[in-house]
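What follows is one structure encoded as structure tokens, with my remarks underneath.
Number of protein chains: 2
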Amino acid sequence: MNYPAFLPPARLLMGPGPIDADPRVLKAMSNQLIGQFDPKMTECMDETMALYRQVFDTQNRWTFLIDSTSRGAIEAAMVSLLEPGDKVLVPVFGRFGHLLCEIADRCGALVSAINTEWGSVFSPDVIQREIKSTRPKMLAIVQGDTSTTMLQPLKEIGEICREEGVLFYCDATASIAGNELKTDAWHLDAVTVGLQKCLCGPSGSAPITLSERAVTIIEERRHVEAGIRDENIVDGPGSRIASNYFDLAMIMDYWSEMRLNHHTEATSMLYGSHECARILLEEGLTESIQRHRVNGHALAGGLTSMGLKLYGDQNNRMHNVVGVYIPEGIDGERLRHIMLLEFGIEIGTSFGPLKGVIWRIGTMGYNARPDAVLKTLACLEQCLLSEGFKLPPGAAVAEARRTYAASTIS
Amino acid sequence: MNYPAFLPPARLLMGPGPIDADPRVLKAMSNQLIGQFDPKMTECMDETMALYRQVFDTQNRWTFLIDSTSRGAIEAAMVSLLEPGDKVLVPVFGRFGHLLCEIADRCGALVSAINTEWGSVFSPDVIQREIKSTRPKMLAIVQGDTSTTMLQPLKEIGEICREEGVLFYCDATASIAGNELKTDAWHLDAVTVGLQKCLCGPSGSAPITLSERAVTIIEERRHVEAGIRDENIVDGPGSRIASNYFDLAMIMDYWSEMRLNHHTEATSMLYGSHECARILLEEGLTESIQRHRVNGHALAGGLTSMGLKLYGDQNNRMHNVVGVYIPEGIDGERLRHIMLLEFGIEIGTSFGPLKGVIWRIGTMGYNARPDAVLKTLACLEQCLLSEGFKLPPGAAVAEARRTYAASTIS
Numbered sequence: 011m012n013y014p015a016f017l018p019p020a021r022l023l024m025g026p027g028p029i030d031a032d033p034r035v036l037k038a039m040s041n042q043l044i045g046q047f048d049p050k051m052t053e054c055m056d057e058t059m060a061l062y063r064q065v066f067d068t069q070n071r072w073t074f075l076i077d078s079t080s081r082g083a084i085e086a087a088m089v090s091l092l093e094p095g096d097k098v099l100v101p102v103f104g105r106f107g108h109l110l111c112e113i114a115d116r117c118g119a120l121v122s123a124i125n126t127e128w129g130s131v132f133s134p135d136v137i138q139r140e141i142k143s144t145r146p147k148m149l150a151i152v153q154g155d156t157s158t159t160m161l162q163p164l165k166e167i168g169e170i171c172r173e174e175g176v177l178f179y180c181d182a183t184a185s186i187a188g189n190e191l192k193t194d195a196w197h198l199d200a201v202t203v204g205l206q207k208c209l210c211g212p213s214g215s216a217p218i219t220l221s222e223r224a225v226t227i228i229e230e231r232r233h234v235e236a237g238i239r240d241e242n243i244v245d246g247p248g249s250r251i252a253s254n255y256f257d258l259a260m261i262m263d264y265w266s267e268m269r270l271n272h273h274t275e276a277t278s279m280l281y282g283s284h285e286c287a288r289i290l291l292e293e294g295l296t297e298s299i300q301r302h303r304v305n306g307h308a309l310a311g312g313l314t315s316m317g318l319k320l321y322g323d324q325n326n327r328m329h330n331v332v333g334v335y336i337p338e339g340i341d342g343e344r345l346r347h348i349m350l351l352e353f354g355i356e357i358g359t360s361f362g363p364l365k366g367v368i369w370r371i372g373t374m375g376y377n378a379r380p381d382a383v384l385k386t387l388a389c390l391e392q393c394l395l396s397e398g399f400k401l402p403p404g405a406a407v408a409e410a411r412r413t414y415a416a417s418t419i420s
Numbered sequence: 011m012n013y014p015a016f017l018p019p020a021r022l023l024m025g026p027g028p029i030d031a032d033p034r035v036l037k038a039m040s041n042q043l044i045g046q047f048d049p050k051m052t053e054c055m056d057e058t059m060a061l062y063r064q065v066f067d068t069q070n071r072w073t074f075l076i077d078s079t080s081r082g083a084i085e086a087a088m089v090s091l092l093e094p095g096d097k098v099l100v101p102v103f104g105r106f107g108h109l110l111c112e113i114a115d116r117c118g119a120l121v122s123a124i125n126t127e128w129g130s131v132f133s134p135d136v137i138q139r140e141i142k143s144t145r146p147k148m149l150a151i152v153q154g155d156t157s158t159t160m161l162q163p164l165k166e167i168g169e170i171c172r173e174e175g176v177l178f179y180c181d182a183t184a185s186i187a188g189n190e191l192k193t194d195a196w197h198l199d200a201v202t203v204g205l206q207k208c209l210c211g212p213s214g215s216a217p218i219t220l221s222e223r224a225v226t227i228i229e230e231r232r233h234v235e236a237g238i239r240d241e242n243i244v245d246g247p248g249s250r251i252a253s254n255y256f257d258l259a260m261i262m263d264y265w266s267e268m269r270l271n272h273h274t275e276a277t278s279m280l281y282g283s284h285e286c287a288r289i290l291l292e293e294g295l296t297e298s299i300q301r302h303r304v305n306g307h308a309l310a311g312g313l314t315s316m317g318l319k320l321y322g323d324q325n326n327r328m329h330n331v332v333g334v335y336i337p338e339g340i341d342g343e344r345l346r347h348i349m350l351l352e353f354g355i356e357i358g359t360s361f362g363p364l365k366g367v368i369w370r371i372g373t374m375g376y377n378a379r380p381d382a383v384l385k386t387l388a389c390l391e392q393c394l395l396s397e398g399f400k401l402p403p404g405a406a407v408a409e410a411r412r413t414y415a416a417s418t419i420s
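Chains as they are written, first to last, in our numbering: chain P, 11 to 420; chain L, 11 to 420.
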């Protein structure tokens, strides 16, 4: 039994990600494969490293890709940096904070989590106090947690970590390219991301960058596998990393001039990652962040003008995703399905305590565009009206258009 | 600093893989993304499960994709099936046998390896004897090891494993679709593969299938992560799986009707995997294997007619890759570079004890075609001649053409 070719329906993805890939990325990914040690292949890998140094705003030599979704890169960072028994502090402000705890815990680390109310972020002194009392080896945090739409300020936390001698690891999958992230200036020792949010690509490749401090820890744990060892290989004195696939020492050897075989690089995803970074740098990091700011502002303003209430601390919201309360009397899932199946526009549901309470609407990457925001507001208004919600017709789109008119982007 | 768009050079990839992807696969991957819980997305996932059941020749419900290269799927199978202290037997007949040992060892398993001379395979009674003496929980083996080009017969090993109550796990990345593989008939409990060999796709997605016995073990270890738990979730009594990313219980929940969030499915790779299976089933499994047999035979016969000597036991060679001794006086790497950079044809080097001793030439997947084999023989002949090797001009291509003329494929 066979199936016909899979032809995805036309959708506009305005949820918390993944979103529509930039067609240029899909085009780059449709290029034919070349061999993994072809000089042009290794050139593409080297270029990708150089491109992502700029994306991460870092001088870190070790800036490369993990062949997995962004979740895999979190595991790679943790399993390579944390030894069983190491202490980790995780400030949790949403679902992905829990994920960091979970992964660290599976690495055998001793995890202390601190929590803040969903919809808010941490103040630096709470974190400083907690570091002083628990003395962790690593502080692990997400920059933007799509489950709550919050964006945690990192600059002061970085200063505290450096002062206290704590490794500072951040997953910035949801926030990068749509919000400021300064790896070196903020003293980040490891940052992981994915392509499927503001970087305009599909899930399946996860850029990572590592500071010298992080690399030193990892190199002490280098244990090259039996099948490719030779007499020139010297193992490090540290404990062997529990995962082979996510062993950053071996992955670094593969991305180094040694080109020691590890996995077979996912070539199409490499092409895609390369193009994602090129597109971003062509626009400019600052310009991309500004574009996300304006579109996010237009979206949020439109929603408010429609009479909807925004979720969470708006001063600490990611530019690229807005939480909005489902109005009383409206069946949130029913409306989402009408939006998706009749209007072809996807908006997001929620997890855990926010399930059925808020929708999450994104404007990110390729879809951080005025036309995408205006379509979404226009169609949401129609759906709300037809479900019996009272709103001032036309107000949302008018407000968003005012925002665009007052901004420099078009 | 930015780079121009990456444009891969025209290559014909006739090494041990990856090889040129079927252009249909690249086209499928260039389709636009849809949301991960879109009904059309889950339909595509369900179809992919049904397609790979046929590829693996199994009725196993749990047949799905791991979002990593094939190496990641090996780790997923092992970390989910093996608990620390479990005994594993690994018959090693090449580099990837060592990899299985390495990964099992990192999972905390007690690994016994048995070795056979490179270029040969194991007889079932050696394995039976070893199972009886070591009493492992799992026997782990690769079907085809590209490092030696050998194909291990599995049918009798499967019978032994079933009789002895041993879990039977096989990685068939290099062999599937080019050589017979019967998951159910051979009593395989877990099989992992990749797309980048005879399945005509890029590396980066790894199909897996699991028997009921394997699933039972994995389900006993289910521990749903904190961020997405609800009151309906019941954890299993077994020890928690050490990896979150490769936790097959959670990945199964994601691919099940529950659609419990885990990673964000690598949508483009899903599209590619779906199309790889469609292409194979359109041709037919038997027909694909026959095509690889004939092309491999034509390639091997051509190389012999050129005066080259083949490596290893030809009765147990994979159809899709041939090892050939580098003739005395020829610089193997120099010739490979001429082939690649002047003729645009990639042939493979080797690992470990075979480094500098043999080349490995593949004819697999999209490149298991007469024109690809004839081009390769013609250009290899020119390179050998120009390097001073004496050979009968035209004999290789003539022999390959005789093979094709006598076969039913064209």
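Where a beta carbon is used, it is the ideal one built from N, C-alpha and C, also for glycine.
Taking C-beta pairs closer than 9 Å, name the residues in chain P that residue i reaches, listed in chain order.
i, result
"L/Arg-379", "Neighbours of L/Arg-379 on chain P: none; closest Cβ ~15 Å, over 9 Å."
How would you list, in chain order, the residues of chain L whose beta-carbon sits under 8 Å from the beta-carbon of residue i?
i, result
"P/Ala-31", "Gln-42, Leu-43 and Ser-278"
"P/Arg-288", "Asn-12, Tyr-13 and Ala-15"
"P/Glu-85", "Ser-253, Asn-254 and Tyr-255"
Show which residues of chain P have a CB atom less than 7 Å away from the CB atom of residue i.
i, result
"L/Gln-206", "Thr-274"
"L/Pro-18", "Asn-41, Gln-42, Ile-44 and Lys-50"
"L/Ala-236", "His-108, Cys-111 and Glu-112"
With burial defined as no fewer than 16 other Cβ atoms inside 10 Å of the residue's Cβ, what is the status of residue i: buried or exposed?
i, result
"L/Val-136", "exposed"
"P/Pro-403", "exposed"
"L/Glu-409", "buried"
"L/Val-65", "buried"
"L/His-347", "exposed"
"L/Val-244", "exposed"
"P/Leu-290", "buried"
"L/Pro-49", "exposed"
"L/Asn-70", "buried"
"L/Leu-390", "buried"
Taking Cβ-Cβ distances shorter than 7 Å, what residues in chain L pair up with residue i?
i, result
"P/Met-39", "Met-39, Ser-40 and Ser-278"
"P/Ile-113", "Asn-254"
"P/Ile-243", "Correct list: empty, because the minimum Cβ distance to chain L is about 12 Å."
Examine chain L for any beta-carbon lying closer than 8 Å to the beta-carbon of residue i, and answer yes or no.
i, result
"P/Ala-187", "no"
"P/Ile-151", "no"
"P/Asn-12", "yes"
"P/Lys-147", "no"
"P/Lys-385", "no"
"P/Glu-57", "yes"
"P/Phe-361", "yes"
"P/Tyr-281", "yes"
"P/Arg-250", "yes"
"P/Gly-322", "no"
Residue i versus chain A: which residues are under 7 Å apart at the beta carbon?
i, result
"P/Gln-46", "Of the protein chains in the structure, P and L, none is chain A."
Could you list which residues in chain P have their beta carbon closer than 8 Å to that of residue i, in chain order?
i, result
"L/Ile-228", "Result: empty, since nearest Cβ-Cβ is about 15 Å, beyond 8 Å."
For chain P, is any of its Cβ atoms less than 8 Å away from the one on residue i?
i, result
"L/Thr-79", "yes"
"L/Gly-25", "yes"
"L/Gly-354", "no"
"L/Ala-382", "no"
"L/Cys-54", "yes"
"L/Ala-292", "In the sequence as presented, Ala is not what sits at residue 292 of chain L; that position holds Glu. With 8 Å as the cut-off, L/Glu-292 counts as an interface residue toward chain P."
"L/His-197", "no"
"L/Leu-36", "yes"
"L/Pro-94", "no"
Anything in chain L within Cβ reach of residue i, meaning under 9 Å, just list it in chain order.
i, result
"P/His-329", "The contacting residues do not exist; P/His-329 stays about 20 Å from chain L at best."
Report, in whole angstroms, the separation of the C-beta atoms of residue i and residue j, which I expect to be a contact under 8 Å.
i, j, result
"P/Glu-229", "P/Gly-204", "The Cβ separation is near 25 Å, so there is no contact."
"P/Gly-188", "P/His-329", "5 Å"
"P/Leu-280", "P/Thr-79", "Rounded, the Cβ-Cβ distance is 15 Å, inconsistent with contact."
Counting only runs of 3+ residues fully inside the stretch 309-381 of chain L, write out the beta strand (DSSP E) ranges in chain order.
331-335 and 368-372
Whole runs of the beta strand (DSSP E) within the stretch 66-90 of chain L, excluding any shorter than 3 residues
72-76
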